[in-house]
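Under UniProt numbering, the sequence shown has 426 at position 426, and the numbering climbs by one with no breaks. For every residue, glycine included, the Cβ atom is placed at its ideal position computed from N, Cα and C. Predicted model, so just to flag it, every value in this text is computed and none were measured.
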Amino acid sequence: MVHFCNSNTSDEVTLRKLCMMGLKTIRSWLDCNYSDRAESILKVTMESNNKLKEIYFTQKEGGHLLSIGEDLDLYKLDIENNYFHLFCYQAEIAFAQGQYDIAYSHIQSAKDMLALFPKENGFICQLCYNFGVELFRKKYFDECVLWLSLSHDIGKDKKEISSTVQSCTLRLLATAYLEFKTIESNKKALNAINLANNLHNHHLGILLKLRILLLDTETGDETIRNTIESLYNHQEFSVSIGLQSCHLLTNSNRSNLSMEQLKYMMTRFSNSPEYGKVVCSLLELNLKTKELQTAKELVENIIAAHNTNEPLDLSTRKQLHYIFWEQAAMAYEQTNYQEALEWYNYSYNLFSFGEYSDKNLAKINRNRATCYIHLESFDKARDALSKAESYDPTSPYTQFIIYKLALTQKQQDIASEALQKMCDYASNKSNNDENSAFTADALIRLAAQMAFEKDETNLAATALEIFLKGSHMSTETLTALRCLIRLLLSNDNENDRKSLSRLLEHLRTAYKFLSEISNPTKCSQDNQQVNIQLEATWFTKIAWNLAIQSEKSPDFLRDFFIICYKLTTLCSSDLDSMTQQKTCSLIVAAAYLQLASTTSDLDEKNTLLTEALNYVSSCRIVCNKILSEKLISNDNENKKDTVNKLLLLYEFESRAKLKDPILESVLERAVMMPYSDAKMFETIAALAVDPPANYKNLSIRALKLALRKHLQSSLPDFMAVSKNFHSIIELCFAQTGGHHISETQILVQRKMISLHILKKFSNSSNKRQRINILKWKFFG
Numbered sequence: 001m002v003h004f005c006n007s008n009t010s011d012e013v014t015l016r017k018l019c020m021m022g023l024k025t026i027r028s029w030l031d032c033n034y035s036d037r038a039e040s041i042l043k044v045t046m047e048s049n050n051k052l053k054e055i056y057f058t059q060k061e062g063g064h065l066l067s068i069g070e071d072l073d074l075y076k077l078d079i080e081n082n083y084f085h086l087f088c089y090q091a092e093i094a095f096a097q098g099q100y101d102i103a104y105s106h107i108q109s110a111k112d113m114l115a116l117f118p119k120e121n122g123f124i125c126q127l128c129y130n131f132g133v134e135l136f137r138k139k140y141f142d143e144c145v146l147w148l149s150l151s152h153d154i155g156k157d158k159k160e161i162s163s164t165v166q167s168c169t170l171r172l173l174a175t176a177y178l179e180f181k182t183i184e185s186n187k188k189a190l191n192a193i194n195l196a197n198n199l200h201n202h203h204l205g206i207l208l209k210l211r212i213l214l215l216d217t218e219t220g221d222e223t224i225r226n227t228i229e230s231l232y233n234h235q236e237f238s239v240s241i242g243l244q245s246c247h248l249l250t251n252s253n254r255s256n257l258s259m260e261q262l263k264y265m266m267t268r269f270s271n272s273p274e275y276g277k278v279v280c281s282l283l284e285l286n287l288k289t290k291e292l293q294t295a296k297e298l299v300e301n302i303i304a305a306h307n308t309n310e311p312l313d314l315s316t317r318k319q320l321h322y323i324f325w326e327q328a329a330m331a332y333e334q335t336n337y338q339e340a341l342e343w344y345n346y347s348y349n350l351f352s353f354g355e356y357s358d359k360n361l362a363k364i365n366r367n368r369a370t371c372y373i374h375l376e377s378f379d380k381a382r383d384a385l386s387k388a389e390s391y392d393p394t395s396p397y398t399q400f401i402i403y404k405l406a407l408t409q410k411q412q413d414i415a416s417e418a419l420q421k422m423c424d425y426a427s428n429k430s431n432n433d434e435n436s437a438f439t440a441d442a443l444i445r446l447a448a449q450m451a452f453e454k455d456e457t458n459l460a461a462t463a464l465e466i467f468l469k470g471s472h473m474s475t476e477t478l479t480a481l482r483c484l485i486r487l488l489l490s491n492d493n494e495n496d497r498k499s500l501s502r503l504l505e506h507l508r509t510a511y512k513f514l515s516e517i518s519n520p521t522k523c524s525q526d527n528q529q530v531n532i533q534l535e536a537t538w539f540t541k542i543a544w545n546l547a548i549q550s551e552k553s554p555d556f557l558r559d560f561f562i563i564c565y566k567l568t569t570l571c572s573s574d575l576d577s578m579t580q581q582k583t584c585s586l587i588v589a590a591a592y593l594q595l596a597s598t599t600s601d602l603d604e605k606n607t608l609l610t611e612a613l614n615y616v617s618s619c620r621i622v623c624n625k626i627l628s629e630k631l632i633s634n635d636n637e638n639k640k641d642t643v644n645k646l647l648l649l650y651e652f653e654s655r656a657k658l659k660d661p662i663l664e665s666v667l668e669r670a671v672m673m674p675y676s677d678a679k680m681f682e683t684i685a686a687l688a689v690d691p692p693a694n695y696k697n698l699s700i701r702a703l704k705l706a707l708r709k710h711l712q713s714s715l716p717d718f719m720a721v722s723k724n725f726h727s728i729i730e731l732c733f734a735q736t737g738g739h740h741i742s743e744t745q746i747l748v749q750r751k752m753i754s755l756h757i758l759k760k761f762s763n764s765s766n767k768r769q770r771i772n773i774l775k776w777k778f779f780g
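Set out below in C-alpha cells:
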C-alpha cells in the first residue's frame, strides 16, 4: 500500500497516512529480520515525509491557512517525530547489514533531536544497549564499547532511565573492557564497575569488581577482603555467590583468601540445605593446595558427623564419592596402594545403612581387594571380594579380581573356576545387556595376558579358550587364536592326542571365521580391516606342520590336511597355493584309504572309501585348473608329476573295495594314460584282488599289461617278469580250481615267453643283460 497507493499524491492528509503506514511497516519488517524490505519502505516513507514538510513550510511562507485548520507547529513537530523514528530505523537497518559506522551516524542524528522528544531517551538508550549486546556476542569489542558508552551517555542524569538499567549497561561495558586484556583497559573496566555499583549495588557487580581486582597481582589482600566483605553484607549473598567468589580467588592463586571465605561460609550456612556444597569445595581446595592431612581430617569429621546426627544429602554424598574415587585413582596410578586404599575406605564408610544394596559397594570392595593384593594382604583381599560378591553376585569384574588373587597365590583351580564364571555371567546377561559379553571378553583376554606374564601357560590357554567360546567373531578372535595356538605349540606335550585335538578345533574356528568375513555381504565394518589372505597363510602353515608331525596318526594327519586344504582356498590363486591344495587333497585321499583298511565296520569302511573318492575328484579339479590357467606346462605335468598316477590308483582301490561296477573303465583310463609304467599295472593287479575286492580277471589283465610294459623296455626286469607270470598262473589256478590247466601247458607257455626274450636279447652287447639271460636259462 505504501508503495502503490497515491505514491505521487501531494495531499497532506494522504501523505500523513502514508507516513504512519510506512513507519509501522518498517517496524514490522525489522521485527521479522527483513532489513532489505524495511529499507525499501523507509525510502518511500522518507519521501512522503519530505513532501509533507515542504507543504507545511510553503503554507507558512505564503500565509495560507491549513486545510484542516490546526496549528502549524504541531504538524512540524509530527514531521520531526517522523524523522526521529526514521533515523532510528535507518540505524537498525544499517546495523543489521553490518554497516556499524553508518548506523552510528544515524543514531547521532536521532540523538540531536532528543531535545524535542525527551521521552524518547529510554528508547534510544535501549537501542544502543541492544546494539552493544549483539556486538559483544559477536566479539566485536571495539564497536561494543562505543555503543555501550553511547547508551550510558544518553541515559546519564535522565530521570526516566533507572539506575538499575544504567548499572547493567556499565557492567557489560566493564566486561567488554576486560576483553582487551591491557592495563589501561582494566583500569577503565574498574572505573565502569565502580560507577555501576554506586548506581545500583548488585552482587554481579561486586563479583565483577573482584574479578577485575584479581587481575592485578599487586592488589593487596586487604583490598580483596574489603570487596569480599561487601559481598558478605549484600542482601542477596548465598552459597552459590560465595562459591563463585571462591572460584575466582582460587584461580587467581589467592587460595588463602578462598580458604578463609569457605570456613566463614561453613559457619554461616551450617544449617543450610546447601551446606554440603561448601564442604565439598573446602575439601577440593585442601586437596588442590596439597594439604593432604588437613583434607583427611576434614573427611573423617564429615563421615563421623554423617553417621551420627548430621547426615549429608544425596547430592553431597555423590560429590564426595567422586572426590574420594578420583584421589584413589591418582594414588593407584602412582603405585601408592596404601593411599588408594585409604580413600576407598572413606568412600566405603560414607555409605548409609539403607544403601548396602548399591552395586557401587561391589565396585569399592573390588578396588579395595585390588589394593590389598598389591599390599600382599591376601586374607583382607579375600574378605573384600566376599563382600563384593554378596553385593553384586553376577559381576564378571568380581570374578576377575578373584582370578587375579588366585593367580597371585598360584591356585590354578580357583583361577579356572573364576574364568568360567566370568564367561557364564556374560552369557546369562547377554540378552539384556549387549555390553556385558564384550566386557567379559576384554577381562578374559586380560586374564590370559596376566597368566602368560606369570608363566602359567596352561592357565593362559584355558583363558583364551574360554574367551573363544563366548567370542562374537570380532577381529580380536584371530589375535586370540594365534596366541592360543602358539601357547599350545610351546607345550611339551604338543604331540599327544588331547593337544592335537585342541589345535585342530582352533584351526577349524579360524577357518570358519575367515570364510565368514571373506563374504562382503556378511562382513561387518569392524572386520573389513582383516587381511584374509595373510591370516589364512599363517594358519595354513601351522596346519601343514602339524599334519606332517602326525604321520603316525592317520586320523589327525587326514584332519590337519583337510583344514589345510580349506584354508588354502582362502589364499591367493597362485601356483604355490594351488600346488598345496593338490598335495593336501591327495594326502587326504590316501589317509582315508589307510583308515578304511584298518576298520572292520562295513558302513564306516564304505563311508571312508567314498570320502577318498571325493578328495580324488577335488585333486583332479585342482590339477585341471593348474593346466587350464597355464601355471605349468602340460608336458611337464605329465612327465614330472606322478599325481595323476596316484589319483588313478587311489580311485581304483576305492572303487574296487566299494565293488563299483565302473571299475573296469578305470583300468581302461590307465591303459590310455601316457607315460604309464609296469609298476602301476602291477599295483592295480594287486588292488584288484585285495579283500574285500575280488576281481581276478582284471588282475590278470593288469598283469599282462605289466608284462607288456616290461618286455617293451630296453632293459627288462626279468625277475619282475617271472614274478608277474607266476601271479598270472596262480590267478588262473584260483579261477578254475586247478582242473583245466595241465603242467605241460604251463611249461609250454613259459618256454614260449623265454624263447621270445632270448631271441630279442641274444645279440645284446650289454654284460648285465647277458648275465640276466643266463639266469633266465638256468631257472627257466
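| message | If you follow the alpha helix (DSSP H) that Asp-603 is in, where does it begin and where does it stop? | response | Looking at the DSSP string, the run of the alpha helix (DSSP H) that includes Asp-603 is 602-628.
| message | Considering just the uninterrupted stretch of the alpha helix (DSSP H) at Lys-541, what are its terminal residues? | response | Segment 532-549, the alpha helix (DSSP H) holding Lys-541.
| When the Cα atoms are used, what is the spatial distance from Ser-377 to Asn-336? | Distance between Ser-377 and Asn-336, taken at the CA atoms: about 15 Å.
| Alpha-carbon spacing of Glu-417 relative to Thr-537, whole angstroms | Note on geometry: alpha-carbon atoms of Glu-417 and Thr-537 lie some 35 Å from one another.
| query | Counting pairs of Cβ atoms below 8 Å between the region 106-113 and the region 83-90, do you hit three or more? | reply | Of all C-beta pairs linking the region 106-113 to the region 83-90, three or more are shorter than 8 Å, placing the two stretches in contact.
| request: Can you tell me which of the three DSSP states Phe-513 falls into? | output: In the structure shown, Phe-513 sits in a helix (DSSP, three-state: H, G or I).
| Can you tell me where the alpha helix (DSSP H) with Arg-368 in it begins and where it stops? | Its alpha helix (DSSP H) spans residues 359-374.
| Contact set for Glu-284: own chain, Cβ-Cβ below 7 Å, skip 5 residues either direction | Closer than 7 Å at the Cβ level, and outside the excluded window around Glu-284, lie Ile-323.
| Cα-Cα separation, Lys-704 to Arg-669 | Cα to Cα, the separation comes out at about 16 Å.
| Where does Val-133 sit, in a helix, a strand or coil, going by DSSP? | Val-133: helix per DSSP, three-state reduction.
| message | Please state the DSSP three-state secondary structure of Leu-114. | response | Three-state result, Leu-114: coil.
| request: With distances taken Cα to Cα, identify the nearest neighbour of Lys-263 among Trp-147, Pro-273 and Leu-243. | output: Out of Trp-147, Pro-273 and Leu-243, Leu-243 has the C-alpha closest to the C-alpha of Lys-263.
| residue 805 burial status per 10 Å Cβ neighbour count (16 or more: buried) | Nothing can be reported for residue 805, as the shown portion of the chain is limited to 1 through 780.
| Among Leu-667, Asp-677 and Ser-713, the one whose alpha carbon lies nearest that of Ile-700 | Nearest Cα to Ile-700 within the set Leu-667, Asp-677 and Ser-713: Leu-667.
| message | One question on the structure: do Ala-685 and Ala-706 come within less than 9 Å of each other, judged by their Cβ atoms? | response | A contact, by the Cβ cut-off of 9 Å.
| request: State the CB to CB distance for the pair Gly-22 and Ser-40, rounded to an integer number of angstroms; the pair is presumed to be in contact (CB under 8 Å). | output: 10 Å between Cβ atoms; not a contact.
| Can you tell me whether DSSP reads His-200 as helix, strand or coil? | His-200 sits in coil when the DSSP states are folded into three classes, being neither helix nor strand.
| query | On the three-state DSSP scale, how would you describe Pro-396? | reply | Here Pro-396 sits in helix by DSSP.
| Cβ pair Thr-169, Gly-132 closer than 9 Å | Against a cut-off of 9 Å, the Cβ pair of Gly-132 and Thr-169 comes out as a contact.
| message | Does Ser-553 come out as helix, strand or coil in the three-state DSSP assignment? | response | In this structure, Ser-553 counts as coil in the three-state DSSP scheme.
| task | Compare the Cα-Cα distances from residue 781 to each of Ala-480, Tyr-650, His-726 and Val-13 and report the closest residue. | result | Residue 781 falls outside the range modelled here, since the chain spans only 1 to 780, and no answer is possible.
| task | Could you spell out the range, first to last residue, of the alpha helix (DSSP H) harbouring Ser-699? | result | Its alpha helix (DSSP H) spans residues 696-711.
| field | Candidates Cys-584, Trp-325 and His-710, of which the one nearest Val-622 by Cα | value | Closest option to Val-622, Cα to Cα, is Cys-584.
| said: To the nearest angstrom, how far is the alpha carbon of Ser-395 from that of Pro-273? | reply: Each residue's Cα considered, the two are about 36 Å apart.
| said: If the criterion is Cβ atoms closer than 9 Å, does the pair Arg-211 and Leu-178 meet it? | reply: Cβ atoms of Arg-211 and Leu-178: closer than 9 Å.
| What first and last residue would you give for the alpha helix (DSSP H) that runs through Thr-642? | Run containing Thr-642: none; DSSP gives neither H nor E here.
| request: Take Thr-250 and list the residues in its own chain whose beta-carbon comes closer than 8 Å to its own, dropping the five residues that flank it on each side. | output: Contacts found: Ser-258, Leu-285 and Lys-288.
| Test item: CB-CB of Ile-302 and Leu-312 under 9 Å | Pairing Ile-302 with Leu-312 gives a Cβ-Cβ distance under 9 Å.
| query | DSSP state of Gln-334, grouped into three classes? | reply | Three-state result, Gln-334: coil.
| Can you tell me whether Cys-19 is buried or exposed, with buried defined as 16 or more other CB within 10 angstroms of its CB? | Counting Cβ neighbours within 10 Å, Cys-19 comes out buried, since at least 16 surround it.
| task | Express the C-alpha separation of Ser-281 and Ile-241 in angstroms, rounding to a whole number. | result | Going from the Cα of Ile-241 to the Cα of Ser-281 covers about 13 Å.
| query | What separation, rounded to the nearest whole angstrom, lies between the Cα atoms of Ala-461 and Cys-423? | reply | Each residue's alpha carbon lies about 15 Å from the other.
| said: Once the 5 residues before and after Ala-38 are set aside, which same chain residues still bring their CB inside 6 Å of it? | reply: Excluding sequence positions up to five before and after Ala-38, its CB lies within less than 6 Å of the CB of Ile-26, Trp-29, Leu-30 and Ile-93, all in the same chain and listed in chain order.
| Apart from the five residues on each side of it in sequence, which residues of its chain come closer than 8 Å, Cβ to Cβ, to Gln-409? | The answer, listed in chain order, is Phe-378.
| query | Do you know offhand how far Asn-431's Cα is from Asp-392's? | reply | Below a pLDDT of 50, predicted positions are generally treated as unreliable, and Asn-431, at 43, falls in that range; no measurement from the model is reported.
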